[in-house]
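Visitor:
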């Protein structure tokens with residue numbers, strides 16, 4: 387997780403985090419997703435409000451904007467970081483239940 391400097395934020399964002407993975411093949415970190423907090427900027431423009439409690443004044447909601455995962459970069463990082471000298475790939479333990487228990491791809 388990388389916190390983005392305020393000078394690099396968009397006009398509407400007050401905070402942003404990027405998620406990056408290590409890509410050994412190109413020897414660099416690659417962004418795979420990001421999430422920005424817009425406070426009530428978008429809600430004011432769209433008039434999106436909620437009422438905190440019965441009888442209280444409506445308040446503007448805060449909104450987030452998050453991108454999906456860059457799947458090709460995720461797959462590349464998994465393969466590059468788990469490839470063995472013989473070309474086989476160790477399946478990370480956290481992914482094995484989704485791979486039918488497979489531990490090694492040859």
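In my numbering, the protein residues as written are 387 to 492.
Using N, Cα and C, we set each Cβ at its ideal position, and we do this for glycine too.
Here the structure is a predicted model, which means the values were calculated and not measured.
#1: Per DSSP, residue 389 is paired with what?
#2: Rounded to whole angstroms, how far is the Cβ of residue 468 from the Cβ of residue 478, which I believe are closer than 8 Å?
#3: By the three-class DSSP mapping on this structure, what secondary structure does residue 475 have?
#4: Tell me which residue opens and which closes the beta strand (DSSP E) that residue 447 is part of.
#5: Could you compute how far the alpha carbon of residue 490 sits from the alpha carbon of residue 460?
#6: Among residues of its own chain, excluding the 5 on either side of residue 409, which ones have a beta-carbon nearer than 8 Å to its beta-carbon?
Guide: To lay it out plainly:
#1: 403
#2: 6 Å
#3: strand
#4: Counting along the chain, residue 447 falls outside any beta strand (DSSP E), and DSSP gives it neither H nor E.
#5: 18 Å
#6: 415, 416, 459, 462, 463 and 466
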